[in-house]
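Chains A and B, in that order, are what the protein sequence lines are.
The number in the working numbering is simply the position in the first sequence, starting from 1, with 26 added.
The number in the working numbering is simply the position in the second sequence, starting from 1, with 5 added.
Ideal placement from N, C-alpha and C gives every residue a C-beta, glycine not left out.
Working notes, structure below.
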Amino acid sequence: DTEVTQTPKHLVMGMTNKKSLKCEQHMGHRAMYWYKQKAKKPPELMFVYSYEKLSINESVPSRFSPECPNSSLLNLHLHALQPEDSALYLCASSQDGSSGINIQYFGAGTRLSVL
Amino acid sequence: SQQGEEDPQALSIQEGENATMNCSYKTSINNLQWYRQNSGRGLVHLILIRSNEREKHSGRLRVTLDTSKKSSSLLITASRAADTASYFCATDSGATNKLIFGTGTLLAVQP
Chain A
27 DTEVTQTPKH LVMGMTNKKS LKCEQHMGHR AMYWYKQKAK KPPELMFVYS
77 YEKLSINESV PSRFSPECPN SSLLNLHLHA LQPEDSALYL CASSQDGSSG
127 INIQYFGAGT RLSVL
Chain B
6 SQQGEEDPQA LSIQEGENAT MNCSYKTSIN NLQWYRQNSG RGLVHLILIR
56 SNEREKHSGR LRVTLDTSKK SSSLLITASR AADTASYFCA TDSGATNKLI
106 FGTGTLLAVQ P
């Protein structure tokens, strides 16, 4: 199984709402990632979890709060978002990277619209 | 910004033709990867070339790497309409779990 599953596929939320994005993988990968992607742009890294610990935070605003409950799950909690946060949010996973090879497997993404 | 640059930004070809896209990067790398993204979907890993390799093939894909020029190219031979997608290079320094993605090339293959 080389699948990374993201839910929901689409999300519309108001600026005062609280919502969560979910990501799941069963490949035994120990590194998981959140990316934000705007139209016609490359993915921008937001967070990296390695062995369930946050290892990289790319200076992301606190209205985005990641959580890694276990090695298979990754959540992104959203609160008080701005319209400019509307984007495709991608989750990815990879083996722990200690081999020097970091091939990432991506989910299909959550299309988020903030009104 | 550490982001790599890709050119062309967009490429339109006929089915059966070859497509070449180029990637330039700024820092030392451990390896370079190419990913494909169909519209509004996730990225799919295509091929990885290590820093000590100069050329690699996988099916209709051919990747070259010139570390002295900090550049790579991806050639897709005998293109098909299904190859229509955005293509991103991504560099890996090997120091962290972080990939640095290029700006992307949007390929349109006309049937």
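Could you check what DSSP says for residue i in three-state terms: helix, strand or coil?
i        : result
A:ALA134 : coil
B:ALA83  : coil
A:ASP122 : coil
A:GLU110 : helix
Counting only the same chain and skipping the five closest in sequence on each side, list residues whose C-beta sits under 6 Å from that of residue i.
i       : result
A:THR33 : LYS48
B:LEU48 : TYR40, GLN42
B:THR27 : Going by the sequence as given, residue 27 of chain B is Asn instead of Thr. Once the five neighbours on either side are set aside, the close Cβ partners of B:ASN27 are ASP12, SER78.
Identify the residues that DSSP records as bridge partners of residue i: which are they?
i        : result
A:CYS49  : A:GLN32, A:LEU100
A:PRO92  : A:LEU102
B:ASN36  : B:ARG55, B:ASP97
B:GLY107 : B:GLY9
B:THR117 : Lying before the first or after the last residue shown, residue 117 of chain B is absent from chain B, which here runs from 6 to 116.
B:THR25  : B:LEU80
B:ARG67  : B:HIS62, B:LEU80
B:ALA15  : B:LEU111
Any beta-carbon of chain B closer than 7 Å to the one on residue i?
i        : result
A:VAL74  : yes
A:PRO109 : no
A:ASN128 : yes
A:PRO34  : no
A:GLY40  : no
A:GLY133 : yes
A:ALA57  : yes
Could you confirm whether any beta carbon from chain A is found closer than 7 Å to the beta carbon of residue i?
i        : result
B:ASN102 : yes
B:THR108 : yes
B:ASN35  : yes
B:ASP97  : yes
Keeping to the same chain, check which residues put their C-beta closer than 8 Å to that of residue i; ignore five residues upstream and five downstream.
i        : result
B:ALA113 : ALA15, LEU16, SER17, ILE18, THR89
A:GLN63  : PRO69, GLU70, ALA113, LEU114, TYR115, LEU116, GLY135
Can you give me the Cβ contacts of residue i inside the same chain, cut-off strictly under 7 Å, excluding the 5 residues immediately before and after it?
i        : result
A:LEU107 : MET39, MET41, ARG89, VAL140
B:SER29  : GLY9, GLU10, LYS75, SER76
I want to verify the contact list: residues of chain D whose CB lies under 9 Å from the CB of residue i, in sequence order.
i        : result
A:LEU138 : Absent from the structure: chain D. Protein chains present are A and B.
(request) Below 7 Å between beta carbons is the criterion; list the residues of the stretch 76-99 of chain A that meet it against any residue of chain B, in chain order. (result) SER76, SER81, ILE82
(request) Quick one: which residues of the stretch 47-63 of chain B get their C-beta closer than 9 Å to a C-beta of chain A? List them in chain order. (result) Interface annotation for the stretch 47-63 of chain B against chain A: GLY47, LEU48, VAL49, HIS50, LEU53, ARG55, criterion Cβ-Cβ distance under 9 Å.
(request) Please list the residues of the stretch 111-123 of chain A that have a C-beta atom closer than 9 Å to any C-beta atom in chain B, keeping them in chain order. (result) LEU114, LEU116, CYS117, ALA118, SER120, ASP122, GLY123
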